[in-house]
Each structure stands twice: as C-alpha cells, then as structure tokens.
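Everything below concerns the one structure shown next.
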Amino acid sequence: MNTPAATGAPPETRGLESAFEDTIARDQRVEPRDWMPEGYRKTLVRQIAQHAHSEIIGMQPEGEWITRAPSLRRKAILFAKVQDEAGHGLYLYSAAETLGADRSDMTERLIEGRQKYSSIFNYPTRTFADVGVIGWFVDGAAICNQVPLCRSSYGPYGRAMVRVCKEESFHQRQGYELLLTMMRGTDAQRAMVQDAVNRWWWPSLMMFGPPDDNSPNSARSMAWKIKRHTNDQLRQRFVDMTVPQAEKLGVTLPDPELRRNEERGHHDFGSPDWAELQRVISGDGPCNAERIARRRAAHEEGAWVREAATAHAAKQAARTREGAAA
Amino acid sequence: MSDEDLYVDHDNSRWAFGTGFTDPLHGVDQAVPDGVDAGDLAACCLALGDDALVSAQRLAEWCTRAPELEEELALANIGLDLLGQARLLYARTGRADGTGRGEDAYAYFRDPAGFRNVRLAELPGGDFAFTVARLLVLSTWRLALFEELTGAPDPVLAGIAAKSVKELAYHRHYAAGWTVRLGDGTEESRARLESALRDIAPWLDELLTDRTTARLGLTPAAVADRTLASLTEVFGRAGLEPAEVMPPGPASMPRVPGSGRNADHTEHLAPLLAELQSVARAHPDAAW
Chain A
1 MNTPAATGAP
11 PETRGLESAF
21 EDTIARDQRV
31 EPRDWMPEGY
41 RKTLVRQIAQ
51 HAHSEIIGMQ
61 PEGEWITRAP
71 SLRRKAILFA
81 KVQDEAGHGL
91 YLYSAAETLG
101 ADRSDMTERL
111 IEGRQKYSSI
121 FNYPTRTFAD
131 VGVIGWFVDG
141 AAICNQVPLC
151 RSSYGPYGRA
161 MVRVCKEESF
171 HQRQGYELLL
181 TMMRGTDAQR
191 AMVQDAVNRW
201 WWPSLMMFGP
211 PDDNSPNSAR
221 SMAWKIKRHT
231 NDQLRQRFVD
241 MTVPQAEKLG
251 VTLPDPELRR
261 NEERGHHDFG
271 SPDWAELQRV
281 ISGDGPCNAE
291 RIARRRAAHE
301 EGAWVREAAT
311 AHAAKQAART
321 REGAAA
Chain B
1001 MSDEDLYVDH
1011 DNSRWAFGTG
1021 FTDPLHGVDQ
1031 AVPDGVDAGD
1041 LAACCLALGD
1051 DALVSAQRLA
1061 EWCTRAPELE
1071 EELALANIGL
1081 DLLGQARLLY
1091 ARTGRADGTG
1101 RGEDAYAYFR
1111 DPAGFRNVRL
1121 AELPGGDFAF
1131 TVARLLVLST
1141 WRLALFEELT
1151 GAPDPVLAGI
1161 AAKSVKELAY
1171 HRHYAAGWTV
1181 RLGDGTEESR
1191 ARLESALRDI
1201 APWLDELLTD
1211 RTTARLGLTP
1221 AAVADRTLAS
1231 LTEVFGRAGL
1241 EPAEVMPPGP
1251 ASMPRVPGSG
1261 RNADHTEHLA
1271 PLLAELQSVA
1281 RAHPDAAW
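Chains as they are written, first to last, in this note's numbering: chain A, 1 to 326; chain B, 1001 to 1288.
Shown next, in the form of structure tokens:
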C-alpha cells in the first residue's frame, strides 16, 4: 500500500520523505523538528486543534453545575474535573503549537466557526444526573478514542494523551460512582439517571464519528498512524464495555436492537441518527450557538486583561534593558 | 484488571482528597482541649468556613469565563483550595458545637441569616480587576489571620491553619502578580484596578476589626497591621498610590455599617446561596 506521503513529493524532499516513512513503518515517533509531509502536519493540526477545542467547549455543559452541585464533595470533584479539562486544552494547544500553529489563532478559528469541536457538547445538561452520565458515557467514549492515541505517531500528541487518559479514567470513574450513589437513593434520583441515560446514549455513540464507509479522513490518518482504529471499531468497543456497566447500574440503554451476538462475540446495536449528527456538526444542534457565544464572550471580555499583561511585560523588558545599559 | 474492577473499586486510598470518605478529619483526635471554649471555637471555625465557601462560590462563577486558560486553571485552583478549607472548618465546627453535623448541613441547610462570612466575600463577581483586587485583599488578610491561627490553642484548628497558610500564600502571590500587571499594564487596566479597589475600600474595615479569633486568645490588631503593610507593599509595586486606592489607616476609612459576622449581609448573599443550595434542597432525602 502506498502511504499518502509517497505521492507527488518534489525531488529535493524524497530523501526526507523516505526517512519519515521509515520512522512511521518502524512505529517510532515523529518529533517537532523532524521533516514531515505538509499533509501530515495539516491533518495533525486539524485533529489536535479540534481535540483542544472540545476540551475547552466541553467545560461548559458540566461547568454549569459546579455552583449547584448538591454536596461539597461533589462540588470539589466536579470543580477539579472541569479544571482538568482546561488543563487538557492547554496541553493540546501546546502540542499543536509544536507544529507551528498558534493558540490565539486557533481560538479565533473556533469562535468564528472555522474549526470544529466534538458535537456531543452541543447537547444541554438538564439535571445533576447529566454530570454522572457525561462522566460515564462521554468520558468513557473519549477514553476509547484516546487510549490508542497514546501510541500516535506524533510524539508531543502521544505524550499529551498519556496524561489526558489518566485523568479521563478518573473522570469516568467519578461519573459512574455518582450514578451508583444516585441509583441507591430516591425514586426521583433513579428517574433522573434513566432520563439522562436516554438523552445521552445516542449522541455518545455519534462521538466516534461517521460510519467507516463515510469517513473521508480515516484511511489517511490510519496509514500515517495518527489514528490506530476505525470509528466503527471504537464504537463497538464502547458498546461492549458499557452494556455490562448499565446492567450493574440498573438502567436500560435506549436501543431495542441492542443484544449480545455470541457468534461475533460482540453486541449488535442500532444505528444512530446520522442526519442528526450532520445537523449538529454543521451548527444546528441544541446548544451550538450558546456554546460558541460563551467562548467568544470570555475571549472578547478578556482582551483588555491580555493586553495589560503584554504591556506590562514590554515595560518590564524595557526597564531591564535600561538597567543593563546604565 | 477487568473494566468492572476499574469502576466498582472501593479502594479509597486511590481516590483524591474528599472523594472516598465523608469525614475529612477522620483519624484525627477531635476532642476539644481543656481550656478552649467549644462555643468560641465553633463560632470561629464557622465564620472562617463561611468566608471560604462563599469565596469559592464566587470563584466558581468564573469557570469558562476567564480571560485566558492559565487564569481558568489558577482561579479554579484557588476556588478548590478554599472549598477544601471550608470543608475542614465545617467538620471542626460540627464537633465543637456538639451537634455532630456534617459539612453539607452547614453549606446547604442554613439560611442567609445563619451565615457569618465577611461581606466582601459575597459581593457580586464584577470584572477580572475586581476579582483580582478582592482576592488580593481577602487572601492577604486571611493569610495574616491563619498565620496567627497556626498557634491556636486548638490543635485541629492550628493544623487546618498550617495547611491553609501554604495555599493562601499562593493565592496572595497570584493576586499580587495580577495587581502589578494591571497597575503597570495599560491605561484601561489601571483605571479598572483603581476603580475596583475604590469599590472594595468600604468593606475593608470589617476585615481589619474582625474579632472572631480574639476569643481564642489571638490578637486582631497584629493581623490588621500585617494586612495593611502587605497591601501597601503590593500597591507600591503596582505603581499605585496607596492613599489613592485605600485610605491610609482604619480611622479614616469609609465603612459600611454592620458586619457579616453578625449576619448583617448584603442583598447579594441570598441569591448566591439560593443557587448553591438549589439541588440539595429540592431533594432533601437524596444521597449524592
């Protein structure tokens, strides 16, 4: 199979290109100063920026509940979790910067709608049970997606993912633990959990992206070992992992087609509404406008603060120079 | 390890603080020592716990709204530290007041009239300059207060203070850094900072005359002097005339009568608590 990089390279880069291909073939890491094909760099910037934006926008649905968390213990856990997401965004923007991208430029692209983020964060959080279900499903799906990315061919991304995954597994755990506690509580709490499960199940399955036969970027990313598994493989892994957890919890997953297929050794399941995914990705989900508006407001209202920091740093540098000259 | 082991694991030692047990003072000798008035100790812990909880709630309101990601992380860090302090202080209150109540009873099931926080903590968020200026004033004062409390006659409170001092030193360092940046930044940042400090000035007297810890044998005057000296030093580094932004001494200060320590709260505390307590009160029999 031809790697995508093998096509159309000008003669002067052919030696570099074969060194790059060799690095990929030997499962070694590509590092920021190594030569890489422009398509590889662009694909990575796109993927890492989207991932970073997802962490930052993903703070909003749960962040809404920090001020209302119903116990101080849950408040501390949720506050720390949402803070972790800001930290993940920061590592990922830094990883993208090693490829020549710029954080403020990526932020502009996000708030102008020129770069995407995960469509899951365009759904509303209606009750505190949503905090638990987001931890269980959304962080669970993120783990399925991201554990293989720890072996991504691009070094800074893979290393960022190792740390992100460790924290995500704690996030999933706290979500599931909240739901276990709620299911042992009142009837109203159990109803809240089931309602949240019903609302988040299908959007969570959509987090893995379109089916493989309709995923234009997958093959190239797999060849470059940026991605390690297809969307459908990861979706299957998530379903297989989640079904026994749902049984243990005592909730019903809202899919009448869901059943164990002994022959395949996996669960069969229904097909998400791909038209809905397309609508949400293209900006027409329940909360797209308000998520971006919030991010835009924070960015614009913070402009004077960033300008002040820059001005102070410049004055400090000038004073240091004057001190050295005197 | 199977997936199930991962999710249904009861090894609490692997959990971060506050996530695997309900009593944060578990394992500590919690008897109130002879010679310490349990009522005074409870009142002191409750007031300092309320300062921390209300401040943490205001900082939580910044979540997803900070001017930069680094500030998002820092404000959350400070909010989490204060939330942790509130939890420890409420745990101590529950023991000292003899009721054995847990932290959530204090946070979620008291009305505004039961809260004893200083009013500066409950004022609405304002802009980043107001948040920085308030954090500078509150953390400078609380640091001076808690340094005194490390010598408190109650060893549990002294231990909580010793842990908190390290956190508060960072809070003050962070706020002082931004005070200098805003004061020495642009015309706009300086004007916003000065305006915030002028808004805060009338609430400072309540902090400096607070006698909550006096009944435990500590000296409030020393705390007030250290607070003012420390603030003056930071204002100097920020290029601000201290007299312009804060009156030079307690005698000449504009002050709002009353004190949150006596439950004379502003109109802003009730909505803050209504939000904080909303889910817990809607489901009073629930377990979370």
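Think of the CB as a built atom: it goes at the ideal place given N, C-alpha and C, for glycine as much as any other residue.
Contact with chain A by residue i, beta-carbon distance below 8 Å
i, result
"B:Phe1128", "yes"
"B:Asp1081", "no"
"B:Thr1093", "no"
"B:Gly1049", "no"
"B:Glu1188", "yes"
"B:Ser1278", "yes"
"B:Gln1085", "no"
"B:Leu1067", "Per the sequence shown, residue 1067 of chain B should be read as Pro rather than Leu. Yes, B:Pro1067 counts as interfacial toward chain A."
"B:Ala1287", "yes"
"B:Trp1026", "As written in the sequence, residue 1026 of chain B is His, which differs from the Trp given in the question. Judged by the 8 Å Cβ criterion, B:His1026 is not in contact with chain A."
"B:Gly1151", "no"
"B:Cys1063", "yes"
"B:Ala1270", "no"
"B:Gly1125", "no"
"B:Leu1073", "yes"
"B:Ala1133", "no"
"B:Ala981", "Within the shown structure, residues of chain B are numbered from 1001 to 1288, placing residue 981 of chain B beyond reach of any answer."
"B:His1283", "yes"
"B:Glu1103", "yes"
"B:Gly1185", "yes"
"B:Leu1168", "no"
"B:Ala1107", "yes"
"B:Leu1204", "no"
Beta strand (DSSP E) segment containing residue i, residue limits
i, result
"A:Arg260", "Arg259 to Asn261"
"B:His1265", "Careful: B:His1265 lies outside any beta strand (DSSP E) and carries neither H nor E."
6 Å Cβ shell around residue i - same chain, five flanking residues per side excluded
i, result
"B:Thr1167", "Looking at the sequence shown, residue 1167 of chain B is not Thr but Glu. Asp1081, listed in sequence order."
"A:Ile57", "Tyr117, Phe121 and Arg291"
"B:Gly1079", "Ala1056, Leu1059 and Ala1060"
"A:His88", "Glu55 and Val164"
Residues bridged to residue i [DSSP beta-bridge criterion]
i, result
"A:Asp268", "A:Arg259"
"A:Tyr154", "A:Val30"
Start-to-end residues for the alpha helix (DSSP H) that takes in residue i
i, result
"A:Cys144", "Asp139 to Gln146"
"A:Pro244", "Asn231 to Leu249"
"A:Thr320", "Ala303 to Ala325"
"B:Lys1163", "Pro1155 to Gly1183"
"B:Leu1207", "Leu1204 to Leu1208"
"A:Met222", "Ser218 to Ala223"
"A:Trp200", "Asp187 to Met206"
"A:Thr43", "Glu38 to Ile57"
"A:Gln83", "Leu72 to Glu97"
"B:Ala1096", "Leu1069 to Ala1096"
Chain B contact for residue i (CB, 8 Å cutoff)
i, result
"A:Val193", "no"
"A:Met59", "yes"
"A:Ile66", "yes"
"A:Ser71", "yes"
"A:Gln83", "yes"
"A:His267", "no"
"A:Leu90", "yes"
"A:Lys315", "yes"
"A:His312", "yes"
"A:Gly63", "yes"
"A:Ala160", "no"
"A:Pro318", "The sequence shown places Ala at residue 318 of chain A, not Pro. So no, A:Ala318 is outside the interface."
7 Å CB neighbourhood of residue i in its chain, flanking five on each side removed
i, result
"A:Pro272", "Trp202, Leu205 and Met206"
"B:Leu1075", "Leu1059, Trp1062 and Ala1066"
"A:Ile143", "Cys165, Glu168, Ser169 and Gln172"
"B:Glu1147", "Val1165"
Within-8 Å CB hit, residue i to chain D
i, result
"B:Gly1258", "The question asks about chain D, but that chain is absent: this structure's protein chains are A and B."
Close Cβ partners of residue i (< 8 Å) along its chain, the five nearest in sequence each way excluded
i, result
"A:Gly323", "none"
"A:Asn145", "Met207, Phe208 and Leu234"
Discussion item. Give me the subset of the segment 198-220 of chain A whose CB atoms are less than 8 Å from a CB atom of chain B, sorted by chain position.
Written reply: The residues in question: there are none.
Worksheet item: Taking Cβ-Cβ distances below 9 Å as the criterion, which residues of the segment 174-189 of chain A are in contact with chain B?
Response: Here the close residues are Gln174, Tyr176, Glu177, Leu178, Leu180, Thr181, Met182, Arg184, Gly185, Thr186, Ala188 and Gln189.
Item to complete: Quick one: which residues of the segment 1029-1059 of chain B get their C-beta closer than 7 Å to a C-beta of chain A? List them in chain order.
Response: For the segment 1029-1059 of chain B, which is checked against every Cβ of chain A, the residues closer than 7 Å are Gln1057.
Practice prompt. Determine which residues of the segment 283-310 of chain A have a Cβ less than 9 Å from any Cβ of chain B, and write them out in chain order.
Written response: Only those residues of the segment 283-310 of chain A whose C-beta falls short of 9 Å from the nearest C-beta of chain B are listed: Arg294, Arg295, Ala297, Ala298, His299, Glu301, Gly302, Ala303, Trp304, Val305, Arg306, Glu307, Ala308, Ala309 and Thr310.
Practice prompt. Using a Cβ-Cβ cut-off of less than 8 Å, list which residues of the segment 1218-1238 of chain B approach chain A; keep chain order.
Written response: Listed by position, the residues of the segment 1218-1238 of chain B near chain A (Cβ gap below 8 Å) amount to none.
Practice prompt. With 8 Å as the limit, tell me which residues of the segment 229-253 of chain A have their beta carbon closer than that to any beta carbon of chain B; keep them in chain order.
Written response: Flagged, chain order: Met241, Pro244, Gln245 and Lys248.
Practice prompt. Using a Cβ-Cβ cut-off of less than 9 Å, give me the residues of the segment 126-144 of chain A that come near chain B, in sequence order.
Written response: Hits within the stretch, in order: Thr127, Phe128 and Trp136.
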